[in-house]
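Visitor:
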Amino acid sequence: PDHIWLLKKKDNGLYATMGGFVEVGETSADAVKRKIMEGTGITISESPTLLGIYDDPRRDAKRYRHSVAAVYIVQISEN
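Quick note, the sequence shown lines up with residues 97 to 175 if you use this note's numbering.
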């Protein structure tokens, strides 16, 4: 990738990749497009490419759930 976008978290001031949850009836790839649009106003026209699935149970500070992260690469046009 040419760039990696990070967000500064409000709760602890640390940087993290963009994220969110998949809505009922939505694919994870569609959720990527939606979250980028909501967070940046940028429309992604091409399908995101799955980079990997990450599921370390120690990554969630709240022990009442275990979430899995699907990480995607997106192409952003210069237009």
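Don't be surprised by glycine CBs; every beta carbon is placed ideally from N, CA and C.
1. Starting from Thr136, trace the alpha helix (DSSP H) in both directions and tell me its first and last residue.
2. Check this for me: beta carbons of Val170 and Val128, under 8 Å apart or not?
3. Under the assumption that Ile138 contacts Ile172 (Cβ atoms under 8 Å), give the Cβ distance between them as a whole number of angstroms.
4. My assumption, with CB atoms under 8 Å, is that Lys106 sits in contact with Ala112. Please give the rounded CB distance.
5. How many Å lie between Thr123 and Glu134 at the Cα?
6. With burial defined as no fewer than 16 other Cβ atoms inside 10 Å of the residue's Cβ, what is the status of Ile140: buried or exposed?
7. State the beta-bridge partners of Tyr111 as determined by DSSP.
8. Whole angstroms are fine: how far does the CA of Leu146 sit from the CA of Leu103?
Guide: According to the structure shown:
1. Ser124 to Thr136
2. yes
3. 6 Å
4. About 11 Å; that fails the 8 Å criterion.
5. 16 Å
6. buried
7. Lys104
8. 20 Å
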